[in-house]
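Under my numbering, the sequence shown is numbered contiguously, ending at residue 487. Glycine included, C-beta positions come from ideal geometry on N, C-alpha and C. What follows is a single structure, written as structure tokens, with notes after it.
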Amino acid sequence: DHFSETNDLKDHEVGDAVLRLTANYLETMVRQVDYVGRYGGETFVIVLPETTAASAMMVMEKIHREFTNHVYITDDAKKSPVFASLGVADYPRSGHDAGNLIAAAKTALLIAKRRGRNQVAYFRSLDEGAA
């Protein structure tokens, strides 16, 4: 959350360090069959194959719960926590193809941010094809 402010108030090296910490932390929190990648800017995507929405929410809640212990800004020998909003979407309820799943995950992320940030939100598509 508020990543651009980190870059603006600190510098891009600090922002890059936050991105590296985030990537490293996310990699430790998923299974070998899962995929973690940087989607763009400060956004990451996590793909959890053959995982139900309920299980995905549990994984994301666990990631969220421990996030500030692993991702932080070190300034004058003190650690300042970095907070994160997470959006969850699942196949087939949130979408039947990659584009719709990404759109649903982005919507869930927007919901988390609009609800006050630093939380996990789930979005189920209202498209006709969603079950």
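May I ask you to report which of helix, strand or coil DSSP gives residue i?
{"i": "Gly472", "result": "coil"}
{"i": "Ala460", "result": "helix"}
{"i": "Ala477", "result": "strand"}
{"i": "Val444", "result": "strand"}
{"i": "Arg387", "result": "coil"}
{"i": "Ser450", "result": "coil"}
{"i": "Asp367", "result": "coil"}
{"i": "Phe439", "result": "coil"}
{"i": "Glu361", "result": "helix"}
Quick check on residue i: buried or exposed, where buried means 16 or more other Cβ atoms within 10 Å of its Cβ?
{"i": "Ser360", "result": "exposed"}
{"i": "Ala477", "result": "buried"}
{"i": "Met414", "result": "exposed"}
{"i": "Asp446", "result": "buried"}
{"i": "His365", "result": "One point to set straight first is that residue 365 is Leu, not His, in the sequence displayed. With fewer than 16 Cβ atoms within 10 Å of its Cβ, Leu365 is classed as exposed."}
In the DSSP output, what is residue i paired with across the bridge?
{"i": "Thr434", "result": "As written in the sequence, residue 434 is Lys, which differs from the Thr given in the question. Bridge partners of Lys434: Asp431."}
Practice task
Identify every run of the beta strand (DSSP E) within the region 389-430, keeping only runs that are complete inside it and at least 3 residues long; order them along the chain.
Solution key: 391-396 and 399-403
Handout entry: Stretch-stretch touch, CB-based, cutoff 8 Å, three pairs: the region 423-435 with the region 363-380
Key = yes
Practice task
Answer yes if the region 414-423 comes into contact with the region 455-466, meaning at least three C-beta pairs across the two stretches below 8 Å, and no otherwise.
Solution key: no
Practice task
Could you tell me whether the region 383-400 touches the region 444-453, where touching means 3 or more Cβ pairs closer than 8 Å?
Solution key: no
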